[in-house]
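The block underneath contains the structure these notes are about, expressed in structure tokens.
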Amino acid sequence: MVSIYIICQLITRDLIFGEEFLFESNDSIFPEFYFYGTHYYFMYVQVFGVLLQSSNRFICVYLPFTRLHKAIEQIPIWALLLATFIVPAFPMIPMILRSRITFHRNLDGVVDLLIPTKVVQQNAIQGMVSTVFATVICSICYIVVIYKLARMRTDRHSLRDFKREKMLTIVGFAVFICLCVETVYYIFLASTSNEIVDKVRVYYVYPTILMAFVNPWMLFITNENMRKRALGIAVATTPENAVTLRTGPSPSVITK
5 MVSIYIICQL
15 ITRDLIFGEE
25 FLFESNDSIF
35 PEFYFYGTHY
45 YFMYVQVFGV
55 LLQSSNRFIC
65 VYLPFTRLHK
75 AIEQIPIWAL
85 LLATFIVPAF
95 PMIPMILRSR
105 ITFHRNLDGV
115 VDLLIPTKVV
125 QQNAIQGMVS
135 TVFATVICSI
145 CYIVVIYKLA
155 RMRTDRHSLR
165 DFKREKMLTI
175 VGFAVFICLC
185 VETVYYIFLA
195 STSNEIVDKV
205 RVYYVYPTIL
215 MAFVNPWMLF
225 ITNENMRKRA
235 LGIAVATTPE
245 NAVTLRTGPS
255 PSVITK
């Protein structure tokens, strides 16, 4: 998705196909695809991903070994991936039907999108409602997860599970913080004047990309074994990163 955004930026900002291509594309779906496909759809994919991750942490930590947990564990990866791309498309339908988007030349002589400010604010209100709803759900999930982890920490038998779940929860919570940033952005966008909206909305993609890439970086920061593997350092076998295989008289140990 980031590569699609970069290609669209090359077409619209760097004009690799020329200005005439943009004006001729006004009769096609490209203006809508550029605006909604590389901005709002990108946002909804990330929000839906945060909801999935938060609910998964909630179920794994608070409801382990239940029927719900077992059912979720049996869902194939391809089904989750497909849902991540299909479900976020539904909130896009009312946005696309609101107004026709075209390219035009502004007062500075630069080719830009012509979008009524009212439409921008309506889209921002919809984005705000979506991100606020997701933020509330994720907040509840992480409050319960952190409370459960705090209890696991005091239990000697659950200490190993606590260390593993703590790392995953920190990663998911970092993504949740990025979602909060987007919520603040949409509240600001929906409640400010026209002139400020036109200046600020170009910065929308930065919190979105931050949320898109926070997972691998946070895993790298919080997982000592992953850092060592990335730096080419041998990983020592410990009770936290080992699994015992009882296949013979003396069990063997492998490193995760």
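Residues in the sequence shown are numbered from 5 upward in steps of one, following the numbering used here. C-beta atoms are modelled at their ideal positions from N, C-alpha and C, and glycine is treated no differently.
Span separating the alpha-carbon of residue i from that of residue j
i    : j    : result
V257 : V123 : Because V257 sits at a pLDDT of 42, beneath the cut-off of 50, its placement in the model cannot be relied upon, and the point is left open.
C182 : Q125 : 21 Å
I15  : F25  : 9 Å
D116 : Y38  : 12 Å
V133 : F192 : 13 Å
I11  : I20  : 10 Å
T251 : R61  : With a pLDDT of only 42 at T251, under the threshold of 50, the placement of this residue in the model should not be trusted; the figure read from the coordinates follows. Straight-line Cα distance between these residues: approximately 31 Å.
A154 : C184 : 24 Å
G22  : S29  : 11 Å
H73  : L67  : 7 Å
F34  : E77  : 39 Å
R71  : V114 : 58 Å
V149 : V204 : 35 Å
Range covered by the alpha helix (DSSP H) that runs through residue i
i   : result
F62 : 45-66
A87 : 81-90
L72 : 71-77
L4  : The first residue shown for the chain is 5 and the last is 260, placing residue 4 beyond what the model contains.
H27 : Looking at the sequence shown, residue 27 is not His but Phe. Per DSSP, F27 belongs to the alpha helix (DSSP H) from 23-28.
CB-CB length for residue i against residue j, believed under 8 Å
i    : j    : result
Y44  : A93  : Contact flag wrong, Cβ pair sits at about 10 Å.
I100 : Y40  : 6 Å
V65  : A138 : Contact flag wrong, Cβ pair sits at about 19 Å.
P95  : Y48  : 6 Å
T135 : E186 : 5 Å
F180 : Y146 : 6 Å
Interface flag, residue i vs chain D, CB-CB below 8 Å
i    : result
K122 : Among the protein chains of the structure shown there is no chain D, as only one such chain exists.
*For the stretch 103-141, which segments carrying the beta strand (DSSP E) assignment without a break, of at least 3 residues, lie completely within its bounds, in sequence order?*
Counting whole runs of 3 or more residues, the stretch 103-141 contains the beta strand (DSSP E) stretches 106-109, 115-118.
*Any contact of the stretch 77-91 with the stretch 102-112, i.e. 3+ C-beta pairs under 8 Å?*
Three or more Cβ pairs closer than 8 Å define a contact, and the stretch 77-91 falls short of that threshold against the stretch 102-112.
*May I ask you to verify whether the stretch 140-151 touches the stretch 46-60, counting CB pairs closer than 8 Å and requiring at least 3?*
As far as the Cβ criterion goes, the stretch 140-151 touches the stretch 46-60, which means the pair count is three or higher.
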